[in-house]
Amino acid sequence: LKHNNNPVERYNGKIKDRIKNIRSGFKDFDGARNFMNLRKMIYNFVNPHQELQERTPAEEAGIDLELERNKLLSLIKFARSH
């Protein structure tokens, strides 16, 4: 089995681009951790992946939160209610 690091490198590049857009940076470690937790949630539950036939990793794993069309807003509402 040949190792392919491209998906991880692509994800790291996206994170670097997002952090560059945050002008003031993070005030503390908690701010950075919260940002990374949000990015993980978006990656796993909101953004479809081409290699998963336009499904999210959560959908591929059989996790169905019954999110509405605006998945990010639905995910935030779901998190608030649980």
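So the sequence shown is residues 10 to 91, counted in the numbering used here.
Here a beta-carbon is modelled for each residue, glycine too, at the ideal position from N, C-alpha and C.
Check                                                                                                              : Outcome
Is the beta carbon of V55 sitting closer than 8 Å to the one on L74?                                               : no
Quick check on the burial criterion: 16 or more other C-beta atoms within 10 angstroms. Buried or exposed for L61? : exposed
Which stretch, first to last residue, makes up the alpha helix (DSSP H) that contains N21?                         : N15 to N30
Need the endpoints of the alpha helix (DSSP H) that N88 sits in, please.                                           : It should be noted that the sequence gives Ala, not Asn, for residue 88. Looking at the DSSP string, the run of the alpha helix (DSSP H) that includes A88 is K80 to S90.
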